[in-house]
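Enquirer: Quick one: the structure is below, and I'll ask about it shortly.
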Amino acid sequence: MQKIIQADFNGQAMHFTADGWFNATDAAKKFGRRPNDWLALPETARYLEALERKYGKIPYFKTKRGGDTGKSGNAQGTWLHPKLAVRFAQWLDVDFAVWCDDQIDGLIRSEISTHRPATIPSASRDRAVLLHMAVDMVLFRGVGFGKAYSLLNAYAGTHHLAEMSLDQVEQTAQFAGRLMVGSDTRADWSRIAANNPDIDREFAQRGLPYAA
Numbered sequence: 001m002q003k004i005i006q007a008d009f010n011g012q013a014m015h016f017t018a019d020g021w022f023n024a025t026d027a028a029k030k031f032g033r034r035p036n037d038w039l040a041l042p043e044t045a046r047y048l049e050a051l052e053r054k055y056g057k058i059p060y061f062k063t064k065r066g067g068d069t070g071k072s073g074n075a076q077g078t079w080l081h082p083k084l085a086v087r088f089a090q091w092l093d094v095d096f097a098v099w100c101d102d103q104i105d106g107l108i109r110s111e112i113s114t115h116r117p118a119t120i121p122s123a124s125r126d127r128a129v130l131l132h133m134a135v136d137m138v139l140f141r142g143v144g145f146g147k148a149y150s151l152l153n154a155y156a157g158t159h160h161l162a163e164m165s166l167d168q169v170e171q172t173a174q175f176a177g178r179l180m181v182g183s184d185t186r187a188d189w190s191r192i193a194a195n196n197p198d199i200d201r202e203f204a205q206r207g208l209p210y211a212a
């Protein structure tokens with residue numbers, strides 16, 4: 001089993017794995033219940049059937065017996081797949097279910113980020129937000145579309161939006177958002193100047209405080 005991660009809910013220790021599996025036995029004890037009672041419910045059986053229709057017959061719960069205790073907590077008990085964990089948590093307590101959903105979402109996002117390649121090419125749908133932001137610069141900042149387009153590319157260090165990785169799109173969109181509300185920083189413009197000194201000087205002439 002993967003490393004066990006402990007999180008506290010109202011002072012009670014709950015345990016997850018890095019990929020979002022959840023110690024149901026541990027949690028159920030806190031509410032005076034047992035995972036087997038939930039797994040025996042007809043509605044749980046129907047939900048498992050629906051999961052299998054969509055995702056196939058994969059393990060949705062597993063039981064760990066004996067040993068394997070340590071600093072990260074106890075691995076014994078029934079562990080539920082992330083697809084089941086929140087539904088089980090709702091059976092225990094709705095506030096706990098909301099908290100549990102947040103914990104699993106954070107763990108899965110962290111797991112995806114850890115294993116995501118350094119650069120993922122962006123798709124046109126990813127870059128659409130940058131085109132909208134370029135139009136906003138035209139409408140609300142009086143910048144020509146070509147200059148706005150060049151500015152966004154200068155921030156990313158590209159010549160065309162289509163060259164941007166997904167991370168570059170995300171970072172450039174954040175910069176454009178800061179620029180539109182006047183919270184752009186000296187670091188933003190230092191980055192632009194390093195990539196495209198000409199566009200930096202051009203925007204300095206517009207009176208932007210950190211350009212050039």
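If you use UniProt numbering, the sequence shown corresponds to residues 1 to 212, in order.
Ideal placement from N, C-alpha and C gives every residue a C-beta, glycine not left out.
(1) Using 10 angstroms around the beta-carbon of Asp184, count the other beta-carbons present and answer buried if the total reaches 16, otherwise exposed.
(2) For Ser165, which three-state DSSP category applies?
(3) Let me know the secondary structure DSSP gives Pro35 once reduced to three states.
(4) What's the gap between the Cα of Ser72 and the Cα of Arg33?
(5) Trp79 by DSSP, collapsed to three states: which one?
(6) Pick from Leu41, Ala193 and Ala97: whose alpha carbon is nearest that of Gly157?
(7) Does chain D have any CB closer than 9 Å to the CB of Gln174?
(8) Decide if Pro197 is buried, meaning its Cβ has at least 16 other Cβ atoms within 10 Å, or exposed.
(9) Measuring only from the beta carbon, is Met164 closer than 8 Å to any heavy atom that is part of the ligand FAD?
(10) Tell me whether the beta-carbon of Trp79 lies closer than 9 Å to the beta-carbon of Trp21.
(11) Please state whether DSSP places Gln12 in a helix, a strand or coil.
(12) Who pairs with Gln6 in a beta bridge, going by DSSP?
(13) Specify, as a first and last residue, the run of the alpha helix (DSSP H) that Thr44 falls within.
(14) Determine, using beta-carbon pairs with one atom in the region 168-180 and one in the region 126-145, whether at least three such pairs fall under 8 Å.
(15) I need the straight-line Cα distance from Lys30 to Asn23, nearest angstrom please.
(16) Which same chain residues end up closer than 6 Å to Thr25 when comparing Cβ atoms and leaving out the 5 residues on each side of it in sequence?
(17) Who pairs with Thr63 in a beta bridge, going by DSSP?
(18) Skipping 5 residues on each side, what residues in its chain have a beta carbon closer than 8 Å to that of Ser150?
Expert: This is what the structure holds:
(1) Classification of Asp184: buried, given that the 10 Å Cβ count is 16 or more.
(2) Looking at Ser165 - three-state DSSP - the assignment turns out to be strand.
(3) Pro35: helix per DSSP, three-state reduction.
(4) Below a pLDDT of 50, predicted positions are generally treated as unreliable, and Ser72, at 40, falls in that range; no measurement from the model is reported.
(5) Three-state DSSP puts Trp79 in a strand.
(6) When only C-alpha atoms are compared, the closest one is Ala193.
(7) The structure shown contains no chain D; it is built from a single protein chain.
(8) That one is exposed.
(9) Questions concerning the ligand FAD fall outside what the structure shown contains, since it holds no ligand whatsoever.
(10) It is a contact, given that the beta carbons lie within the stated cut-off.
(11) In the three-state scheme derived from DSSP, where H, G and I count as helix and E and B as strand, Gln12 is classed as strand.
(12) For Gln6, the beta-bridge partners assigned by DSSP are His15.
(13) In the DSSP assignment, Thr44 falls within the unbroken alpha helix (DSSP H) covering Pro42 to Tyr55.
(14) With the cut-off at 8 Å, the region 168-180 and the region 126-145 touch.
(15) The alpha-carbon of Lys30 is positioned some 12 Å away from that of Asn23.
(16) Around Thr25: Pro35, Gly77 and Thr78.
(17) For Thr63, the beta-bridge partners assigned by DSSP are Thr78.
(18) Cβ within range, chain order: Asn196 and Ile199.
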